[in-house]
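J.:
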Amino acid sequence: QWYQRRVRGRQIEAIPSRVELIQYQKRFEELHLQTGQVHTEAKQFYALFNNLSDTKSYLEKHLVRLNSINENFIRSMSDIETGYIFLQQFEQIVEGAKQSRGGIEVRREEAKKHRDSVNDEYLSLVEEGRRYAGVVARFQEECDKTESLVKQARELGIEC
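Going by the numbering used here, the letters in the sequence shown line up with residues 3 to 162, in that order.
So, in structure tokens, the structure goes:
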């Protein structure tokens, strides 16, 4: 009998109290927020890296074009026919730059659409979080009421 009470006592002690559960919940929420912040920061760094990498590649292409134009300009001014060919090549370069810019604009618009959809999802999740917090608060109130009723029942000698 003494052993059984001791075993039961250990089993009861193994169950966390309400205060401990609340502490665990708060700690999990803190860890969740920290994880979210680290994730957001990492995403921002990846986006920055990708943006800077794209900028570098565009600048390198632009530099190659400018160097090519400069070299060909000097060579093409030797006579009229090569000057005419140079102008045609230059027009092709300009057309290529316009197409490249068009591609960039398309990607920019896609990025804007993606940003807007992510923002909408974020706002939806914020609203859901608010609803969740309200439900948790009501649940906590009901738990407090239940504890109060259980305490009153025990005072009256009723086992729950």
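The C-beta atom is built at its ideal place from N, Cα and C for all residues, glycine as well. From a predicted model like this one, the values you see are computed outputs, not experimental measurements.
Report yes if the C-beta distance between Ile71 and Phe92 is below 8 angstroms; otherwise report no.
T.: yes
J.: Cα separation between Glu22 and Gln142?
T.: 14 angstroms
J.: At the level of alpha carbons, what is the spacing between Leu35 and His41?
T.: 10 angstroms
J.: What's the C-alpha gap between Ala99 and Ser55?
T.: Answer to the nearest angstrom: the Cα atoms are 18 angstroms apart.
J.: Using the C-alpha atoms, what's the distance from Arg77 back to Ser102?
T.: 27 angstroms
J.: Over what stretch of residues does the alpha helix (DSSP H) that includes Glu22 continue unbroken?
T.: Arg20 to Ser78
J.: Can you tell me where the alpha helix (DSSP H) with Gln101 in it begins and where it stops?
T.: Where Gln101 is concerned, the enclosing alpha helix (DSSP H) stretches over Ile82 to Glu157.
J.: Please list the terminal residues of the continuous alpha helix (DSSP H) segment that includes Gln13.
T.: Trp4 to Ala16
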